[in-house]
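In what follows, a structure is listed as structure tokens, so that the remarks can point back to it.
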Amino acid sequence: CSNPTGAAIADIMVDEGPGLGAAAAALGWSAAVGAICLEFHGTVSGWKADSGAVRVHGVAIFLWIIGNSIWMTSEFLFDATSSIDKKTQHSVFPWFSGPLAGKEERAYWAGVHCARALFGIAICLLVGFVLTSAWNMRHNASNPPEGCGNPQDETDASVEPADELVCRFITPKVYMMVFIGPWILKDVFWTLELLAPALLCSVVVLILTVDAYRRFFSPSSLVETFWALANGIWIVAELALPGPTLGLRLCAATMLVAGLGLAVGKLAQVHMQQSRNSNLDASETTPLTSSTGPSMVSSSATD
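Counting in my numbering, the sequence shown tops out at residue 320, every number present.
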């Protein structure tokens, strides 16, 4: 994910936020706006340089963040069920007294349907891109082009060494983004309260993120692994168990916060590296002569 920090905060707020009250709502909405802006900026700024696969996955992540933000807002304002014990009908969280705008099932489900629509668009984009790419690869294999074509029409495999490609045709950058497909499906099944498919998608996401970290040691993949574990635990606590399950939810929240800490640390590291690089570039362009002292040329001439 090109914006692990903002997405991590938004993910925490979707899972845990509705039980935390107005302060969490303010933090969640701030995080959601920040995540949307950062993801939009990252996708647009690299649009010309990125491959088609990276663009499509970037748009899918952008739509996923917007959908999660709408889902989160619906839970904050109108949902009185996700934080309620199904047996006792009491709040799972001792500090939760109800949705901020009161229980409004129609408004809540309107937000959920909107989120599902965005998730559906993202899934259609990903599936359409995969089918188109598979068709092009098959067509190119049976009809190899003569001479050199447009470099923009080349596959991603042409810009990466063969030993770095996953399955011989997926670049590392794309492979570290493919988790978003099953992740979005997991959220769709979660909104439908379908436990088994949601857990299956969570397992697929976990396999992809763990394998990406094993291959490339990317901090983003490690953060996503924490998210996948936490989401799986939260799904079980919310959909599978009838009791309060406060302990499981707090365990999931701890994993989400740990992932957030890793994301913030990585973001700080990237900014520090960019600052050092800019300082090095500035020092390389500094002239050898200075207005405060004699130049090297003039001093050599006087000798």
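Backbone N, C-alpha and C fix where the C-beta goes; we use that ideal spot for every residue, glycine too. Keep in mind that this is a model prediction, so the values were computed, not measured.
Within the segment 55-106, the runs of alpha helix (DSSP H) at least 4 residues long that lie entirely inside it are, in chain order, 69-95. Sequence-distant Cβ neighbours of A245 in its own chain, meaning closer than 7 Å and more than five residues away, are S219, V222, L223 and T226.
Counting only runs of 4 or more residues that sit fully inside the segment 191-247, the alpha helix (DSSP H) segments are 197-208 and 212-233, in chain order. Contact check for A158 against A77 fails: the beta carbons are separated by 7 Å or more.
Within the same chain, Cβ atoms closer than 8 Å to the Cβ of R232 are found at V183, P189 and Y192, the five residues on either side in sequence being excluded. For A127, the closest alpha carbon among the candidates G84, R155 and C141 is that of G84.
R266 is classed as buried because its beta carbon has at least 16 other beta carbons within 10 Å across all chains shown.
In terms of CA proximity to L80, F136 leads the group A257, W152, F136 and P259.
Judged by beta-carbon spacing, L143 lies within the 7 Å limit of G198, meaning their Cβ atoms are closer than that value. A check of alpha carbon separations from K283 across T262, N294, M272 and L239 identifies L239 as the nearest. Comparing C-alpha distances from L256 to each of L279, A280, W207 and I201 shows the shortest one belongs to W207.
Linking G249 to C268 through their CA atoms gives a straight-line distance of about 11 Å. For S47, same chain residues with a beta-carbon under 7 Å away, outside a window of 5 residues either side, do not exist. Looking at A132, H156, H74 and L273, the one whose alpha-carbon comes closest to that of G145 is H74. Bridge pairing for I252: absent [DSSP].
Bridge pairing for I187: V183 [DSSP]. When the Cα atoms are used, F243 and W200 turn out to be separated by approximately 13 Å.
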